[in-house]
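Residue numbers (numbering that gives the first Met the number 0), protein chains in the order written: chain X, 0 to 65; chain C, 0 to 398. Notes to accompany the following structure.
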Amino acid sequence: MIGEYFKWAAGLAQNSPFTYAVVNVGTMVALGVAIGLIADGIFRLLRVDLGSYKKEFEDESAVIKK
Amino acid sequence: MPVSGVDMAWWPLLLIGFTVGVVGGFFGIGGAWLVTPSLNIFGFPMIYAVGTDMTHLVGKSIVATFRHWKFGHVSVIIALVMLIGTFSGIETGAQILYWLTQKGIAGSVVRYLYMILLASIGIFMLSEYLRVRKLEKEAGKQVKDIVGTAWSRWIQDTLNIWPTFYCPIARMRVSLWAILFVGVVTGFVAGILGVGGGILRVPALIYLMGVPTKIAVGTDLFEVMFSGAYGAFTYSLKGGVELVAAVIMLLGASVGAQFGTVCTKYVYGITIRLVFTIATFFACASVILKEISSRYAAVYKKAFEAFLADQGLTAAQISAIYAKKDTVYHYMVEVANKPEWWTAYTRDYLWNQAGGILMLTAATGICAYILIQLYLGVAREVREKRLREQEAARLKAQS
Numbered sequence: 000m001i002g003e004y005f006k007w008a009a010g011l012a013q014n015s016p017f018t019y020a021v022v023n024v025g026t027m028v029a030l031g032v033a034i035g036l037i038a039d040g041i042f043r044l045l046r047v048d049l050g051s052y053k054k055e056f057e058d059e060s061a062v063i064k065k
Numbered sequence: 000m001p002v003s004g005v006d007m008a009w010w011p012l013l014l015i016g017f018t019v020g021v022v023g024g025f026f027g028i029g030g031a032w033l034v035t036p037s038l039n040i041f042g043f044p045m046i047y048a049v050g051t052d053m054t055h056l057v058g059k060s061i062v063a064t065f066r067h068w069k070f071g072h073v074s075v076i077i078a079l080v081m082l083i084g085t086f087s088g089i090e091t092g093a094q095i096l097y098w099l100t101q102k103g104i105a106g107s108v109v110r111y112l113y114m115i116l117l118a119s120i121g122i123f124m125l126s127e128y129l130r131v132r133k134l135e136k137e138a139g140k141q142v143k144d145i146v147g148t149a150w151s152r153w154i155q156d157t158l159n160i161w162p163t164f165y166c167p168i169a170r171m172r173v174s175l176w177a178i179l180f181v182g183v184v185t186g187f188v189a190g191i192l193g194v195g196g197g198i199l200r201v202p203a204l205i206y207l208m209g210v211p212t213k214i215a216v217g218t219d220l221f222e223v224m225f226s227g228a229y230g231a232f233t234y235s236l237k238g239g240v241e242l243v244a245a246v247i248m249l250l251g252a253s254v255g256a257q258f259g260t261v262c263t264k265y266v267y268g269i270t271i272r273l274v275f276t277i278a279t280f281f282a283c284a285s286v287i288l289k290e291i292s293s294r295y296a297a298v299y300k301k302a303f304e305a306f307l308a309d310q311g312l313t314a315a316q317i318s319a320i321y322a323k324k325d326t327v328y329h330y331m332v333e334v335a336n337k338p339e340w341w342t343a344y345t346r347d348y349l350w351n352q353a354g355g356i357l358m359l360t361a362a363t364g365i366c367a368y369i370l371i372q373l374y375l376g377v378a379r380e381v382r383e384k385r386l387r388e389q390e391a392a393r394l395k396a397q398s
């Protein structure tokens, strides 16, 4: 099924470049969002806290301010 | 590969994706200067390399930006305003590039400009890093980041015009015009150079805007999402994208980006700047090698393509000939009877390969350094957590 999708997309590259461009960008956006959410879910499942943290520039004594 | 018709194993794509995922997630750049020569090394045709890289970049930057956003490294307001300036700057720069191309001087002018710019950025950042380390030794105190420069203060004082707003992520008050100005400047330079501009925007955010290093990294990645989508769209219109390769690269890059972005939590801004400096020098070396190879290309390219056009071949067919070395040999030596073209082509090819190997080595080395830093950071965090738990248990037992 995935192979057929790529074949269909390659066909678009020849026959309809605009649709091919939309399909390419759309595929990447969909995959990017899906993978981002899956990765976040995995970190949550593993109980790895990757939320906001105290950054070094919030520690005035360790930062040179010009 | 269904579009290009090239036979290529999936694992180099996955590995290249992983490596640039780590590097890009850590620096906040697209890293086209790393990907395209590396892809070429493994036999991926150059005409598809740029577009395929741009396409995978869309997904990768979404994954990396998501993680940076969770860390609180993304200033959406700065990124969005800068994006407007960047696009208008790129368009103006692209017009100048078009004018230079018509004059026939684009290639070398652009490459020399790029070399000077990258070398200047690298030297400036390295000297600043060394100055900080010297200061640390004198003061006996660790410096973790530097916020603001005399330039950023000048820009913000000079362009302190309404509307101004406070950006809580970067902890600074800034005028909309100051952000637009920096966006236009970096976009203009990127447009002339014909590059994505991440390697220019991150230092611009740090030195011209006065944004803390980690915020510059996250904010630039947010911008890369949009500039990558624009690039992917335009290259797809020209048929220069291999979607299968982009998806495989994205799978590797998504894993790599997790490592790269998470590592930014465990290192200080000043360390990110040092690694960025090293990457800038490698990018500069890559442009120098490209300039050398272009000298050989000048010997055969125009004449060879004119010869092929006389033979009745279309532009697409000429591009396809470059994808296979045997075919190039056949047309240059056996059909055109020009062995000197073949000699120049071979040297051009070898210099390009040398650039690819250099970039691949650089990417692997930087990636290994980032992974080691991540391992050390996680180990330190686990150790500290265990000590805290032991201390809590001891206090509990005492009471």
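Glycine included, each C-beta is placed from N, C-alpha and C at the ideal position.
**Y265 of chain C versus V146 of chain C: straight-line alpha-carbon distance, rounded** = By 1-based counting over the second sequence, the position of residue 265 of chain C is 266. By 1-based counting over the second sequence, the position of residue 146 of chain C is 147. Each residue's alpha carbon lies about 18 Å from the other.
**Item:** Members of the segment 43-54 of chain X that neighbour chain C once the beta carbon cut-off is set at 7 Å
**Value:** L49, G50, S51, Y52 and K54
**Request:** Can you tell me the Cβ-Cβ gap for T157 of chain C and V173 of chain C, rounded? I've got them flagged as a contact below 8 Å.
**Result:** Here residue 157 of chain C refers to the residue found at position 158 of the second sequence. Here residue 173 of chain C refers to the residue found at position 174 of the second sequence. Actually they do not touch by this definition, with Cβ atoms about 12 Å apart.
**Message:** Less than 8 Å between CB atoms is the rule here; does G35 of chain X satisfy it with respect to chain C?
**Reply:** By one-based count along the first sequence, residue 35 of chain X stands at place 36. By this cut-off, G35 of chain X is an interface position.
**Item:** Contact under 8 Å by Cβ, G121 of chain C with T279 of chain C
**Value:** As a working note, residue 121 of chain C is residue 122 in the second sequence. As a working note, residue 279 of chain C is residue 280 in the second sequence. Here G121 of chain C is near T279 of chain C, since their CB atoms are less than 8 Å apart.
**Prompt:** Taking three-plus beta-carbon pairs below 8 Å as touching, is the segment 46-61 of chain C in contact with the segment 223-242 of chain C?
**Reply:** Here the segment 46-61 of chain C lies against the segment 223-242 of chain C, with 3 or more beta-carbon pairs under 8 Å apart.
**Asked** From this set, C:V254, C:N159, C:P167 and C:S3, which residue's C-alpha is nearest R58 of chain C's C-alpha?
**Response** On the second sequence, position 59 is the one that residue 58 of chain C refers to. Sequence check: residue 58 of chain C is Gly here, not Arg. That would be C:V254, whose Cα lies nearest to the Cα of G58 of chain C.
**Request:** In angstroms with no decimal places, state the Cα-to-Cα distance between I63 of chain X and R152 of chain C.
**Result:** By one-based count along the first sequence, residue 63 of chain X stands at place 64. By one-based count along the second sequence, residue 152 of chain C stands at place 153. Pairing I63 of chain X with R152 of chain C, the inter-Cα distance amounts to about 14 Å.
**Item:** Buried/exposed call for R130 of chain C, threshold 16 Cβ in 10 Å
**Value:** Residue numbering aside, residue 130 of chain C sits at position 131 when the second sequence is read from its first letter. Exposed, because fewer than 16 other Cβ atoms sit within 10 Å of the Cβ of R130 of chain C.
**Asked** Secondary structure at Y165 of chain C, three-state DSSP: helix, strand or coil?
**Response** In the second sequence, counting from the first residue as 1, residue 165 of chain C sits at position 166. Strand at Y165 of chain C.
**Prompt:** T54 of chain C CB to nearest chain X CB: under 8 Å?
**Reply:** Counted from its first residue, the second sequence places residue 54 of chain C at position 55. True, the Cβ-Cβ gap to chain X drops below 8 Å.
**I371 of chain C versus V21 of chain C: straight-line alpha-carbon distance, rounded** = For the purposes of this step, residue 371 of chain C is taken as residue 372 along the second sequence, with counting starting at 1. For the purposes of this step, residue 21 of chain C is taken as residue 22 along the second sequence, with counting starting at 1. Their Cα atoms are separated by approximately 12 Å.
**Request:** Would you mind telling me which residues of chain C sit closer than 9 Å to G40 of chain X, beta carbon to beta carbon, in chain order?
**Result:** The residue you call residue 40 of chain X lines up with position 41 of the first sequence. Correct list: empty, because the minimum Cβ distance to chain C is about 12 Å.
**Asked** Mind checking if N14 of chain X is an interface residue toward chain C, Cβ cutoff 8 Å exclusive?
**Response** Here residue 14 of chain X is taken as the residue at index 15 of the first sequence, counted from 1. Taking Cβ atoms only, chain C never reaches closer than 8 Å to N14 of chain X, which makes this a no.
**Request:** Spatial neighbours of I287 of chain C within its chain, please: CB distance less than 7 Å, with the 5 preceding and 5 following residues excluded, ordered by chain position.
**Result:** Residue 287 of chain C sits at position 288 when you count from the first residue of the second sequence. Counting only Cβ-Cβ distances below 7 Å, and skipping sequence neighbours, we find M114.
**Request:** Have a look at C:D144, C:Q101 and C:G103 and flag the residue whose alpha-carbon is nearest the alpha-carbon of Y267 of chain C.
**Result:** Within the second sequence, residue 267 of chain C is the residue found at index 268, counting from 1. Of the listed residues, the one whose Cα sits closest to Y267 of chain C is C:D144.
**Asked** Between the beta-carbon of I28 of chain C and the beta-carbon of V201 of chain C, is there less than 8 Å?
**Response** Within the second sequence, residue 28 of chain C is the residue found at index 29, counting from 1. Within the second sequence, residue 201 of chain C is the residue found at index 202, counting from 1. A contact, by the Cβ cut-off of 8 Å.
**Message:** Under 8 Å, Cβ to Cβ, is there at least one residue of chain C near M27 of chain X?
**Reply:** For the purposes of this step, residue 27 of chain X is taken as residue 28 along the first sequence, with counting starting at 1. Closer than 8 Å to the CB of M27 of chain X there is at least one CB belonging to chain C.
**Request:** Check the C-beta distance from L134 of chain C over to F258 of chain C and give it rounded, since I have them as a contact under 8 Å.
**Result:** Here the question's residue 134 of chain C lines up with position 135 in the second sequence. Here the question's residue 258 of chain C lines up with position 259 in the second sequence. Contact doesn't hold; Cβ gap of about 31 Å is too wide.
**Item:** Rounded straight-line distance, which links the Cα of S226 of chain C to that of L207 of chain C
**Value:** Within the second sequence, residue 207 of chain C is the residue found at index 208, counting from 1. Within the second sequence, residue 226 of chain C is the residue found at index 227, counting from 1. Distance between the alpha carbons of L207 of chain C and S226 of chain C is about 21 Å.
**Message:** For the beta strand (DSSP E) containing D144 of chain C, name the first residue and the last one.
**Reply:** Along the second sequence, read from residue 1 onward, the residue named residue 144 of chain C stands at position 145. Its beta strand (DSSP E) spans residues D144 to V146.
**Item:** Classification of D347 of chain C by the beta-carbon crowding that lies within 10 angstroms, buried from 16 upward
**Value:** Residue numbering aside, residue 347 of chain C sits at position 348 when the second sequence is read from its first letter. The residue is buried, with at least 16 neighbouring Cβ atoms inside 10 Å.
**Prompt:** DSSP state of L22 of chain X, grouped into three classes?
**Reply:** Here residue 22 of chain X refers to the residue found at position 23 when the first sequence is read from its first residue. Per the sequence shown, residue 22 of chain X should be read as Val rather than Leu. Here V22 of chain X sits in helix by DSSP.
**Item:** Bridge partners - V62 of chain X, DSSP secondary structure assignment
**Value:** For this step, residue 62 of chain X is matched to residue 63 along the first sequence. Answer is C:D144, bridged to V62 of chain X.
**Buried versus exposed call for R272 of chain C [16 or more other C-beta atoms within 10 Å across all chains shown]** = Position 273 of the second sequence, counting from 1, holds the residue named residue 272 of chain C. So R272 of chain C counts as buried.
**Asked** Can you tell me the Cα-Cα spacing of K6 of chain X and L375 of chain C, whole angstroms?
**Response** Numbered from its first residue, the first sequence carries residue 6 of chain X at position 7. Numbered from its first residue, the second sequence carries residue 375 of chain C at position 376. For K6 of chain X and L375 of chain C, the distance between alpha carbons rounds to 44 Å.
**Proximity to A31 of chain C [Cα-Cα], best of C:M0, C:V49, C:T270 and C:A78** = Taking the first residue of the second sequence as 1, we reach residue 31 of chain C at position 32. Answer by Cα proximity: C:V49.
**Prompt:** Which whole runs of the alpha helix (DSSP H) in the segment 313-365 of chain C are 4 residues long or more, in chain order?
**Reply:** Runs of the alpha helix (DSSP H) lying entirely within the segment 313-365 of chain C and spanning at least 4 residues, in chain order: 314-321 and 324-328.
**Interface residues of the segment 67-98 of chain C facing chain X [CB-CB below 9 Å]** = K69, F70, G71 and H72
**Asked** Taking the alpha helix (DSSP H) that V173 of chain C falls in, what are its first and last residues?
**Response** The count along the second sequence starts at 1 and reaches residue 173 of chain C at position 174. Premise fails: V173 of chain C lies in the beta strand (DSSP E), M171 to S174, not in any alpha helix (DSSP H).
**Asked** Can you name the start and end residues of the alpha helix (DSSP H) that I429 of chain C belongs to?
**Response** Nothing can be reported for residue 429 of chain C, as the shown portion of chain C is limited to 0 through 398.
**Request:** Evaluate W161 of chain C with the Cβ neighbour count: other Cβ atoms within 10 Å of its Cβ, from every protein chain shown; 16 or more gives buried, anything less gives exposed.
**Result:** Sequence index remark: in the second sequence, residue 161 of chain C carries index 162 (1-based). Looking at its Cβ environment, which holds fewer than 16 other Cβ atoms inside 10 Å, W161 of chain C is exposed.
**When C:V223, C:G23 and C:M0 are compared against G251 of chain C, the one with the closest alpha-carbon** = For the purposes of this step, residue 251 of chain C is identified with residue 252 of the second sequence, where counting begins at 1. Per the Cα distances, C:G23.
**Request:** Could you check the C-alpha separation between C366 of chain C and F306 of chain C for me, to the nearest Å?
**Result:** Position 367 of the second sequence, counting from 1, holds the residue named residue 366 of chain C. Position 307 of the second sequence, counting from 1, holds the residue named residue 306 of chain C. One C-alpha to the other measures close to 44 Å.
**Asked** Are the CB atoms of V188 of chain C and G92 of chain C nearer to each other than 8 Å?
**Response** Residue 188 of chain C sits at position 189 when you count from the first residue of the second sequence. Residue 92 of chain C sits at position 93 when you count from the first residue of the second sequence. Taking 8 Å as the Cβ cut-off, V188 of chain C and G92 of chain C qualify as a contacting pair.
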